[in-house]
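Going by our numbering, the sequence shown opens with residue 1, and the numbers climb by one from there.
Note that beta-carbon positions come from the ideal geometry of N, C-alpha and C, so glycine has one too.
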Amino acid sequence: MELKQIFKANNPVIGVVHLSPLPTSPRWKGKLQEVIARAEQEATALSAGGVDGIIIENFFDAPFSKECVDPAVVSAMTLIVDRLKGMVMLPMGINVLRNDARSAMAIASCTDIQFIRVNVLTGVMATDQGIIEGKAHELLRYRRELGSEVAILADVLVKHARPLGTPNLTTAVQDTIQRGLADGVILSGWATGSPPTQEDLELASAAAADTPVFIGSGANWENIPQLMQAADGVIVSSSLKRYGKISETIDPIRVSQFVEAAKSTVKQENKVKSNTSIKQFN
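In structure tokens:
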């Protein structure tokens, strides 16, 4: 996947809109317009803060079904994505939790957005929803049937889960790309708000070669300068919310602070590389 082609940036910052509980979820309150209004506020705040892309996910639908969500969830997410597209001129993606990649691909293809996130594309993971098996073969065939070019960003050893067996991170990354045909890979910590280690990011980047590696959790404006040195982009939400609380809405000021920290790291790296090249030429 060419990052510049989708995000118009070498090291994109992708902000997440956590949707309020949707129809049929345990905490659904019966007011879809309130869900839409909050999603619009968060997408606007992310855009105003300077992110390079947005991903929408049904985060507050927990506890999740492990595979297929209810048709009402698909309908609601499709409606919301279409509404946000009309408000925010940014690349957009979707993640249908916990692992309904087929619905995500359908929504993305029908609403003409650019990418999806898939928590388990390959391998087998033990999660709080039970055993989840990757179904890359089904998803890739479905994308072809739809005639779609939606990019697939896939988690490797996703958070809130444990692999069955003890796979090597390098092997897991390579399998996700070479056998699962992911367009990009995502590396997270063990839980929401927990960052991956610098060492794991470096291992993943080396294994991924030319395929982009995204930080998938735990990034904030204090640790992003270090983490971004070993990654091609970042997906962020929790640290952008008011007071840093997951239940709050996105704060555009915190978004700006994060984007500035992330982009200054990239600029500094480019400056160092440029100076090194000049010295070598001289």
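Run of the beta strand (DSSP E) containing Gly339, from where it starts to where it stops: Lying outside 1 to 282, the shown extent of the chain, residue 339 is not represented and no answer is given.
Start-end ranges of the alpha helix (DSSP H) lying completely within the segment 233-268, minimum 4 residues: Segments of the alpha helix (DSSP H) lying fully in the segment 233-268: there are none.
Local conformation of Ala62 per DSSP, three classes: Along the sequence shown, one-based indexing puts residue 62 at 62. Ala62 falls in the coil class under three-state DSSP.
Cβ neighbour criterion (16 or more within 10 Å) applied to Leu164: Position 164 of the sequence shown, counted from the first residue, corresponds to residue 164. Exposed, since its Cβ has fewer than 16 Cβ neighbours within 10 Å.
Segment contact flag, the segment 79-96 with the segment 23-30, C-beta cutoff 8 Å, min 3 pairs: Under the three-pair Cβ rule at 8 Å, the segment 79-96 does not count as touching the segment 23-30.
Residues near Val150 by beta carbon distance below 8 Å, same chain, minus five either side: For the purposes of this step, residue 150 is taken as residue 150 along the sequence shown, with counting starting at 1. Cβ within range, chain order: Met105, Ala108, Ser109, Ile113, Gln114, Phe115, Ile116, Arg143.
Length of the line joining the Cα atoms of Ile55 and Ser238: In the sequence shown, the residue the question calls residue 55 occupies position 55. In the sequence shown, the residue the question calls residue 238 occupies position 238. Ile55 and Ser238: Cα-Cα distance of roughly 13 Å.
Extent of the continuous beta strand (DSSP E) to which Asp155 belongs: Here the question's residue 155 lines up with position 155 in the sequence shown. Element bounds for Asp155: 151-155.
Where Ala209 sits in the DSSP three-state scheme: The count along the sequence shown starts at 1 and reaches residue 209 at position 209. In this structure, DSSP gives Ala209 a state outside helix and strand, which the three-state scheme calls coil.
Segment limits, alpha helix (DSSP H) that includes Val73: By one-based count along the sequence shown, residue 73 stands at place 73. Per DSSP, Val73 belongs to the alpha helix (DSSP H) from 71-85.
Those residues which DSSP pairs with Asn133 across a bridge: What you label residue 133 is simply residue 133 of the sequence shown in a count that begins at 1. A small fix is needed here, since residue 133 is Glu in this sequence, not Asn. Its beta-bridge partners are Val124.
Rounded C-alpha distance that separates Leu140 from Ala182: Here residue 140 refers to the residue found at position 140 of the sequence shown. Here residue 182 refers to the residue found at position 182 of the sequence shown. Going by the C-alpha atoms only, they are around 9 Å apart.
Inter-residue Cα distance where the pair is Ser287 and Gln174: For residue 287 there is no data in the structure shown, the boundaries of the chain being 1 and 282.
For Ile253 and Pro196, the rounded distance between their alpha carbons: In the sequence shown, the residue the question calls residue 196 occupies position 196. In the sequence shown, the residue the question calls residue 253 occupies position 253. Answer to the nearest angstrom: the Cα atoms are 25 Å apart.
CB contact flag (Thr111, Asp82, <8 Å): To locate residue 111, count along the sequence shown from 1; it is residue 111. To locate residue 82, count along the sequence shown from 1; it is residue 82. Yes.
Paired residues, beta bridge with Leu93 - DSSP: Sequence index remark: in the sequence shown, residue 93 carries index 93 (1-based). First, the amino acid is wrong: residue 93 is Gly here, not Leu. In the DSSP output, where bridge partners are listed per residue, Gly93 has Ile55, Phe115.
Among Val185, Gln198, Ala161, nearest to Ala191 - alpha-carbon criterion: Sequence index remark: in the sequence shown, residue 191 carries index 191 (1-based). Closest option to Ala191, Cα to Cα, is Ala161.
Pro163 - containing beta strand (DSSP E), residue span: Position 163 of the sequence shown holds residue 163. Counting along the chain, the beta strand (DSSP E) containing Pro163 begins and ends at 161-163.
Simplified DSSP state of Gly180, which is helix, strand or coil: Translated into the one-based positions of the sequence shown, residue 180 becomes position 180. Three-state DSSP puts Gly180 in coil, outside helix and strand.
Rounded Cβ spacing between Leu97 and Asn58 (contact assumed at less than 8 Å): Reading the sequence shown from its first residue, position 97 is the one you call residue 97. Reading the sequence shown from its first residue, position 58 is the one you call residue 58. The beta carbons of Leu97 and Asn58 sit about 5 Å from each other, so the pair counts as a contact at 8 Å.
Coil, strand or helix - Gly49 by DSSP: Residue numbering aside, residue 49 sits at position 49 when the sequence shown is read from its first letter. Correct three-state label for Gly49: helix.
Boundaries of the beta strand (DSSP E) in which Gly147 is found, first to last residue: Along the sequence shown, one-based indexing puts residue 147 at 147. Neither: Gly147 is in no beta strand (DSSP E) and is coded neither H nor E.
Same chain, Cβ closer than 7 Å to Asp200, five either side skipped, listed in chain order: Residue numbering aside, residue 200 sits at position 200 when the sequence shown is read from its first letter. If we look at Asp200 and ignore the five residues flanking it on each side, its Cβ neighbours are Leu169, Leu187.
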